[in-house]
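Since the structure comes first, as structure tokens, the remarks are kept for the end.
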Amino acid sequence: MATAASHSPWVCQALTRLRDCPSLVSQPLERQLQARFLIAAYNLALISPSNFQLLLSLQGQGSPSDGPAIQFLHSLISSLCPPPSLPLSIELTAALLAKDKLNAFGLMEPISSQLDGQRSVRAYGIYPRASFFNHDCLPNACRFDYVDSAPDQNTDIIVRMIHDVPQG
1097 MATAASHSPW VCQALTRLRD CPSLVSQPLE RQLQARFLIA AYNLALISPS NFQLLLSLQG
1157 QGSPSDGPAI QFLHSLISSL CPPPSLPLSI ELTAALLAKD KLNAFGLMEP ISSQLDGQRS
1217 VRAYGIYPRA SFFNHDCLPN ACRFDYVDSA PDQNTDIIVR MIHDVPQG
């Protein structure tokens, strides 16, 4: 059960309204997840403005190809469950979705023998410091998550260098 510090009553109401919204339920799963992310991000703005500013400082700009999704999600949340005392704009929605797209890390299920050794994403999170690591075709770091470890550390990720990196 989440504590009052992690989310407000508005989050519970907003998630319930999203769950019961026919226009969202008919959307692809990715769009539904984006709506939930926006609720979490707006909640962050309400309960921790400094962490919300940190989120906004991460890399990511909206793309014109994302326009229809941005417009749909902005209209949906603005009409269905606008956050209290937080001015919403389509630019803010676009910025948040871009930050999510470029900086989110999937937290993986353990390897499953039922899925031919494949892993699926259990949850995801944004780790601001980890988002600065090189994610190129030849990355210099690799991350490990331990979702099934002790509850006080099950959202930690460990970053290990793959090869030597020049200083600087």
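Count along the sequence shown starting at 1, add 1096, and that's the number in the working numbering. The C-beta atom is built at its ideal place from N, Cα and C for all residues, glycine as well.
CB contact flag (residue i, residue j, <7 Å)
| i | j | result |
| --- | --- | --- |
| Leu1129 | Leu1120 | no |
| Gln1155 | Leu1198 | yes |
| Leu1073 | Ala1131 | Beyond the ends of the chain as shown, which are 1097 and 1264, falls residue 1073; an answer cannot be given. |
| Asn1147 | Val1107 | no |
| Gly1221 | Ala1190 | no |
| Ile1253 | Asp1241 | yes |
| Pro1224 | Leu1150 | yes |
| Ala1226 | Met1257 | no |
| Arg1239 | Val1217 | no |
Status (buried if at least 16 other CB within 10 Å, exposed otherwise) for residue i
| i | result |
| --- | --- |
| Ala1100 | Annotation note: pLDDT 46 at Ala1100 (below 50); position unreliable, no value reported. |
| Ala1219 | exposed |
| Ile1135 | buried |
| Ala1098 | Low confidence applies to Ala1098: its pLDDT is 40, below 50, so where it sits in the model is not reliable enough to give any reading. |
| Ile1166 | buried |
| Leu1193 | buried |
| Pro1105 | exposed |
| Ile1173 | buried |
| Pro1145 | exposed |
| Pro1262 | exposed |
| Pro1179 | buried |
| Asp1196 | buried |
Cβ separation of residue i and residue j, assumed to be a contact under 8 Å, to the nearest whole Å
| i | j | result |
| --- | --- | --- |
| Leu1182 | Leu1142 | 6 Å |
Whole alpha helix (DSSP H) elements within the segment 1144-1169, 4-residue minimum: 1145-1153
Entirely enclosed alpha helix (DSSP H) segments - the segment 1118-1143, minimum 4 residues: 1118-1121 and 1125-1143
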